[in-house]
Amino acid sequence: MFIVGNADLMDNPKNGIWPCVIKELRTHDRVGMGLPIYCKNHPDTQNIVNTPDMLKQVAPNGGCTRACNRGHPNDPEHISVKCYEPCPRLHQPCGHACPKVCGDSCGLCMEIVKPMALACDHIFEKPRCWQKQNPSKIICAVR
């Protein structure tokens with residue numbers, strides 16, 4: 003439980019039970035200068051905040067300011083936030099890295115692969131990976 007307020011002000015004998023509460027808290031080192039907050043992705047990172055502006059500074063998106071590549075703390079699945087980090091996914095079945103950003107769909111693998119012979123015996127010099135996987139969809143450009 004947290005009690006937010008001015009401990010020195012509440013320690014006044016005129017404030018009923020509060021001086022006893024403050025004394026007990028101080029005896030057990032439970033009076034601090036702010037609220038300790040932790041990022042769920044970085045529990046070893048602690049910040050002490052004592053103003054709303056400070057909270058915005060040290061935890062702008064609800065976590066912390068450290069990069070973690072685990073998504074946004076309040077939207078790890080990127081449902082409402084578009085992520086602009088490099089995409090970590092690999093195309094299947096080729097295993098080429100997706101060159102897009104995390105928030106975009108990977109789509110077809112556009113990696114240029116080795117030249118290939120078409121059914122018409124012409125050579126396709128710079129096929130895309132997806133084309134090499136589906137040669138029947140390639141239309142020869144040579145006349």
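Under the working numbering, the residues of the sequence shown are numbered 3 to 145, in order. From the three backbone atoms N, C-alpha and C, an ideal C-beta is built for every residue, glycine too. Note that this is a predicted model, so its numbers are computed, not measured.
Cβ-heavy atom distance between residue 122 and the ligand FAD below 7 Å? For the ligand FAD, the structure offers nothing, since it holds no ligand at all.
Rank 36, 88 and 20 by C-alpha distance to the C-alpha of residue 51 and give the top, closest one. Residue 51 has its Cα closest to that of 36, out of 36, 88 and 20.
In DSSP terms, what residue 118 is bridged to: Answer is 126.
Alpha carbon to alpha carbon, how far is residue 145 from residue 120? When rounded, the distance between both Cα atoms is 13 Å.
Spatial neighbours of residue 86 within its chain, please: C-beta separation below 8 Å, excluding the five flanking residues on both sides. The beta carbon of residue 86 sits closer than 8 Å to the beta carbons of 103, 104 and 105 from its chain, once the five residues preceding and following it are set aside; these are given in chain order.
Based on the DSSP secondary-structure assignment, which residues constitute the bridge partners of residue 48? Checking the DSSP bridge columns, you'll see residue 48 partnered with 40.
Since I believe residue 111 is in contact with residue 130 (beta carbons under 8 Å), could you give me their beta-carbon distance rounded to a whole number of angstroms? About 7 Å separates the beta carbons of residue 130 and residue 111, which is inside the 8 Å limit, making them a contact pair.
Can you tell me where the alpha helix (DSSP H) with residue 9 in it begins and where it stops? Here the alpha helix (DSSP H) through residue 9 covers 9-12.
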